[in-house]
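In full-length UniProt numbering, the protein residues as written are 1 to 152.
The C-beta atom is built at its ideal place from N, Cα and C for all residues, glycine as well.
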Amino acid sequence: MKRFWRKWTYEVSLAIGDALWDVLVVQLAALLDRLTVRKIIAFIPVVILIGAYYHSIPLPPELMLIGDFLAYIDIFSVLFLLGVLSRITTIMFVVKQAAARFAMLAGSTVSRLQRLDVRHGRQRSAPARPCPKPSASKDDRAYGVWGQAAFA
């Protein structure tokens, strides 16, 4: 009798407590780890349908359309993202062209400023190029290059 009492007071209650801990804590935590926002949103139409049938309420078509929208939310989100990406690529194209035009403008401005540079200019009174002296011909060699008679 003592063994029977011990089994039903300790062992059975401990086994029930272990089973409840396993179901309510361990398995619930595993379920919540696998649960995503998409799964929750996809389950909302099911809850609406169950509530409507339980209370015998006729469902308006708007609720059915909302349920369809929520069921296909991933498709709508992909279309929305594609629209946003196309706008981003357009904006990036415009920014790239503006940067190229700015670089071209900066380059042409620098080259124009170098042409207008007065720091390295020539003096106005000096000739642009020194005149080379003419080479002496055979006739000029007899008298010398400088107009002096050559003594031969």
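Could you check the C-alpha separation between TYR72 and VAL94 for me, to the nearest Å? Your numbering for residue 72 matches position 72 in the sequence shown. Your numbering for residue 94 matches position 94 in the sequence shown. Taking the straight line joining both Cα atoms gives about 34 Å.
Mind checking which residues open and close the alpha helix (DSSP H) that includes VAL47? As a first step, residue 47 is located in the sequence shown; it is residue number 47 there, counting from the start. Element bounds for VAL47: 37-55.
Three-state secondary structure (DSSP) at MET1? Looking up residue 1 in the sequence shown gives position 1. In this structure, MET1 counts as coil in the three-state DSSP scheme.
With ILE50 and LEU70 assumed to form a contact (beta carbons below 8 Å), what rounded beta-carbon distance in angstroms separates them? If you number the sequence shown from 1, residue 50 lands on position 50. If you number the sequence shown from 1, residue 70 lands on position 70. Actually they do not touch by this definition, with Cβ atoms about 15 Å apart.
Using the three-state DSSP reduction, which class does PRO61 fall into: helix, strand or coil? In the sequence shown, residue 61 corresponds to position 61, counting from 1. Looking at PRO61 - three-state DSSP - the assignment turns out to be helix.
Other residues of its chain near PRO61: CB distance less than 7 Å, five sequence neighbours each side excluded: On the sequence shown, position 61 is the one that residue 61 refers to. Here the set comprises nothing.
Rounded C-alpha distance that separates LEU113 from PHE102: What you label residue 113 is simply residue 113 of the sequence shown in a count that begins at 1. What you label residue 102 is simply residue 102 of the sequence shown in a count that begins at 1. The straight-line gap from Cα to Cα measures roughly 16 Å.
Between the Cα of ASP74 and the Cα atoms of ILE40, TYR54, LEU59, which residue gives the shortest distance? One-based indexing of the sequence shown puts residue 74 at position 74. Nearest of ILE40, TYR54, LEU59 to ASP74, Cα basis: ILE40.
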